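Residue numbers (our numbering): 887 to 949.
Just so it is clear, CB atoms sit at the ideal spot from N, CA and C, and this is done for glycine as well.
Owing to the predicted nature of the structure, the values given are computational and were not obtained by experimental measurement.
Below: the structure, in structure tokens.
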């Protein structure tokens with residue numbers, strides 16, 4: 887039979903175990919948002935890179 891301290895520890899562990907799925911879901915959502923942000927930043931930098939290339943080309947035509 888479990889003593890009082892062991893029961894408290896057991897209850898705390900059970901409570902933590904019940905929280906894990908929701909914590910994992912929150913982490914997955916955050917990770918998805920981060921990935922989306924990275925994709926958006928990559929697209930933004932690619933656009934800037936293309937604009938720079940176009941400006942270089944226009945500058946070379948002027949010279």
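Residue i to residue j span [Cα, whole Å]
{"i": "residue 929", "j": "residue 910", "result": "29 Å"}
{"i": "residue 912", "j": "residue 949", "result": "56 Å"}
{"i": "residue 903", "j": "residue 924", "result": "32 Å"}
{"i": "residue 914", "j": "residue 906", "result": "12 Å"}
{"i": "residue 899", "j": "residue 917", "result": "26 Å"}
{"i": "residue 926", "j": "residue 936", "result": "15 Å"}
Helix, strand or coil at residue i according to DSSP, with G and I counted as helix
{"i": "residue 949", "result": "coil"}
{"i": "residue 889", "result": "coil"}
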